[in-house]
Amino acid sequence: MEWADSLAPALATFGLAMMVVPWLDRDHVLSRQIMAAVTFAFLLRYALWRVFETLPAAGLSVHFAAGLLFLAVELTCLLAASLGLVFLSRTKNRTAEVEANQGWFASQKPPLVDVLICTYNEDQTILERTMAGATGMDYPNFRVWVLDDGRRPWLEDLAGRLGCHYLTRPDNAHAKAGNINHALGHLSALPERPDFVSILDADFVPLPQFLSRALCLFREPSVGLVQTPQHFINPDPIQTNLAVTRVWPDEQRYFFDVIMASKDAWGAAFCCGTSSVIRFDPLVRIGGFPTDSVTEDYLLTLRLKESGFTTSYLNEALTFGLAPEGLKEYITQRGRWCLGFMQIVRGRSGPFSRTSTLTFIDRLSLLDSFLGWAVVYPARILGLLLPILYLLFGLHIVETDLASTLQNYLPFFLWQMVTLGWISQGRSLPIMSDVSQVIVTPAIVKAVFIGLARPKGQKFKVTAKGGDRDLRFVEWPLLRTFGALAALNLAAIAYAFAIDVRGELLANGGVALVWSWFNLVILAITCFICVEQPRRRKAERFATDEAILVELDGQSAIYRLLDISISGAQIQGASPMPAGTRFSCTIRGREVEATVVRCLGGSFAIKFSEVLESRVSMIRMFYAGRYLKPFFGVQPTRVGRAILQRVLS
């Protein structure tokens, strides 16, 4: 009966959610506000219970001190969750605004846009894609500039062959920001200065309509910057190493598809570097990209706002790049983002700055991000360690039992889970969201302390892209860390069940046991992520079903494409030609030479010509062909099944 009573609030909460949510529209502000308000009510109920009913007895004891510390951290995390709910209670989709502004934009003289491709050490294959896509955009008045901080003669030659201008400089001062600022100085001295500049990272290929869509949002003179989301042609390490590529989106989808759209509704969207378009004159007036943070893009938005210019967010898939392919690169990138934000917090445009002219909402948005980095991730470490300390050493940080916890915490957890899952269309799921945070927690905590304690003099660390990923290997430093934590959890659970014959831990420590089991699941999955799986295909292939015209010796035949990549395709039907046969084919109006590489019974594989002109044609066709589709929804059962298959394989 006690268990039934303790589960009753959670079951009622879940039942209410299942009745209400199907009738609500996630794009409607009132619906979001209702869900957020109910979540906050459950959050407040839980917080009051924690404050007044769960602290260890007051006194000069390690239990009370540890309990107070953990309560303070947890309440700060709840504050972060509350701020997140505030911003998620709205969302904005500017596609209709773009459509409405197209007539206005068509009536104007097309402004000159300089597209700046920033590169340091990327290989030719990556840069060739970006340059080919950039020079093939459907816009009448733009120039493409390759900003080479690697000073590579072969890249200057390739840029010339692809119709791009080439710029380099004698040093690498201030990394990417310095590279862009050097280019801005060069552009300012030209007889024809640009009206806008667009920033592309070396691996981000724009779709043909990128500029024409983004520029439609500059109708208001106060708009200084338009940011578009980052989509990826390849899976990130979490997707690859857990074998969930087809059922779980990359980790950035929640940020770009959900959070940024919500921030934009509050006027708090910000620049994310690549895939952005910026007014040239305001950018030059503020001194170009700021160099006092390694996340110069976010800081640029703040400096523009201080000068009276806003940032708009166009949530359309208009560029596709490469996600970090290795776990080390993935973690390095997140660490750099955190470090840069801590530098912003310590700088003159931070949330606590007395001299900045940022609005209250801008400061609140900065505080939201600050708490997300500086509190939530360190709290992860406490969450992994505290149940172990309780079970093995009897450290009482929370005085409660499992039944009371189920009554007070579970309703909040369930409603929050439903709310976030509903708003994000499954992009935020328990366990998966926990795993994506835990894997980067050590690097984030280090970056928080370094950025706050010593914000100046930190170097920009480039995220490596490309390279050989054909072999399976283990990230041993990470695996040892998370494996040790998993072993400690197992030891704590074993002690509670097998060694503690008095049974006190089982009677009063049910919360710690459940907590340890949950941590063990998270850590086990994290350990699997530390085993890097091979990526044998250098060019990602995408399924399709369309006609391809094959011509050989004056004879023509139409086949069906099964899949396609930039370098080749698979065609349905038996091949009339042996391997090695060269022929001409036409896909979506583009003709290219190809070679049969192997016959597969009911299909055959072809490789497209490697002549530069052919590669450029196929790159442009591929990125304009809608093969790359944004991720819209998640089915939790499919995610769980994929992870289970990976664990058992």
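Residue numbers (the numbering used here): 202 to 850.
Backbone N, C-alpha and C define an ideal beta-carbon position, used for all residues, glycine too.
Because the structure is a prediction, the values reported are computed rather than measured.
Anyone know if the C-beta pair for Asn609 and Arg227 falls short of 8 Å? Contact: no.
Look at the alpha carbon of Val797 and the alpha carbon of Arg414, and state the distance between them as a whole number of angstroms. A straight line joining the alpha-carbon of Val797 with that of Arg414 spans about 39 Å.
In whole angstroms, give me the CA-to-CA distance for Val793 and Gly584. Inter-residue distance for Val793 and Gly584 is about 57 Å (C-alpha atoms, whole angstroms).
Cβ-Cβ distance between Glu298 and Leu418 below 8 Å: Cβ distance < 8 Å, so Glu298 and Leu418 count as in contact.
Status (buried if at least 16 other CB within 10 Å, exposed otherwise) for Thr560: Only exposed fits Thr560, as fewer than 16 other CB atoms lie within 10 angstroms of its CB.
Check whether Ala378 and Arg535 have beta carbons under 8 Å apart: No, the Cβ-Cβ distance between Ala378 and Arg535 is not below 8 Å.
If you scan the stretch 297-338 from start to end, which runs of the alpha helix (DSSP H) of 4 or more residues do you find wholly inside it? Fully enclosed alpha helix (DSSP H) runs of 4 or longer: 325-336.
Excluding the 5 residues flanking Ile279 on each side, which residues of the same chain have their C-beta closer than 7 Å to its C-beta? The sequence given here places Leu at residue 279; Ile does not occur at that position. Same-chain partners within the cutoff: Leu244 and Ala248.
Residue span of the beta strand (DSSP E) that contains His366, given as start and end: Bounds of the beta strand (DSSP E) holding His366 are His366 to Leu368.
From Ala211, Arg330, Gly260 and Arg291, pick the residue whose C-alpha is nearest to that of Tyr824; which is it? Ranking Ala211, Arg330, Gly260 and Arg291 by CA distance to the CA of Tyr824 puts Arg330 first.
Please report the distance separating the alpha-carbon of Gly652 from that of Val576. Approximately 14 Å, taken between the alpha carbons.
Taking only runs of the beta strand (DSSP E) that begin and end inside the stretch 433-506, which ones reach a length of at least 3 residues, in chain order? Runs found: 477-480.
Quick check on Met220: buried or exposed, where buried means 16 or more other Cβ atoms within 10 Å of its Cβ? Exposed.
Quick one: grab the DSSP three-state call for Arg352. Residue state, collapsed to three classes: coil.
Would you check if the distance between the CB atom of Val222 and the CB atom of Val840 is smaller than 8 Å? Going by beta carbons, Val222 and Val840 fall outside the 8 Å limit.
Three-state secondary structure (DSSP) at Ser399? Ser399: strand per DSSP, three-state reduction.
Inter-stretch contact (C-beta, 8 Å, three-pair minimum) for the stretch 714-722 and the stretch 687-701: In the pairwise beta carbon analysis, the stretch 714-722 is classified as touching the stretch 687-701: at least three pairs are separated by under 8 Å.
Starting from Ile788, follow its DSSP beta bridges and name the residues at the other end. Ile788 pairs with Arg791.
Boundaries (first-last residue) of the alpha helix (DSSP H) holding Arg761: For Arg761, there is no enclosing alpha helix (DSSP H); the residue is found in the beta strand (DSSP E) stretching over Gln756 to Ile765.
By the DSSP assignment, the alpha helix (DSSP H) with Lys647 in it spans what residues? For Lys647, the enclosing alpha helix (DSSP H) stretches over residues Thr642 to Ala654.
Please report the residue range of the beta strand (DSSP E) in which Leu426 lies. Boundaries of the beta strand (DSSP E) around Leu426: Val424 to Gln428.
Please report the straight-line C-alpha distance between Ala403 and Ala258, rounded to a whole angstrom. Distance between the alpha carbons of Ala403 and Ala258: 58 Å.
Apply the 10 Å Cβ neighbour rule to Gln544 and answer buried if 16 or more other Cβ atoms are within range, or exposed otherwise. Buried is the call here.
Member of Tyr578, Val546 and Val424 whose CA lies at the smallest distance from the CA of Thr277: Checking every option, the nearest Cα to that of Thr277 belongs to Tyr578.
Near Ile487, which residues of its chain fall below 7 Å by C-beta distance, leaving aside the five closest residues on each side in sequence? The residues are Arg504, Leu505 and Ser508.
Residues of its chain near Ile479, where Cβ-Cβ distance is below 6 Å and the 5 sequence neighbours each way are ignored: Hits under 6 Å: Val398 and Leu426.
Exposed or buried, His383, counting other C-beta atoms within 10 Å across all chains shown (16 or more means buried)? Classification of His383: buried, given that the 10 Å Cβ count is 16 or more.
Ala744 - DSSP class collapsed to helix/strand/coil: Residue state, collapsed to three classes: strand.
8 Å Cβ cutoff met for Val675 and Val636: Cβ distance not < 8 Å, so Val675 and Val636 don't count as in contact.
Check the C-beta distance from Asp396 over to Val314 and give it rounded, since I have them as a contact under 8 Å. Contact between Asp396 and Val314 holds, since their C-beta atoms are separated by about 7 Å, short of 8 Å.
Answer with buried or exposed for Gly573, where buried requires no fewer than 16 other C-beta atoms within 10 angstroms of its C-beta. When all chains shown are included, Gly573 counts as buried.
Best match in Thr606, Phe471, Pro491 and Ser513 for proximity to Glu421 [C-alpha to C-alpha]: Among Thr606, Phe471, Pro491 and Ser513, the Cα nearest to that of Glu421 belongs to Ser513.
Which term fits Val848, buried or exposed, when burial requires 16 or more other beta carbons within 10 angstroms of its beta carbon? By the 16-neighbour rule on beta-carbons within 10 angstroms, Val848 is exposed.
Sequence-distant residues of its chain with Cβ nearer than 6 Å to Ile788 (five each side left out): Excluding positions up to five away in sequence, the list reads Ile749.
How big is the Cα-Cα spacing for Leu568 and Val424? So the two alpha carbons sit approximately 23 Å from each other.
Is it right to say Phe805 is buried, meaning 16 or more other beta carbons lie within 10 angstroms of its own, or is it exposed? Phe805 is buried by the Cβ-count criterion.
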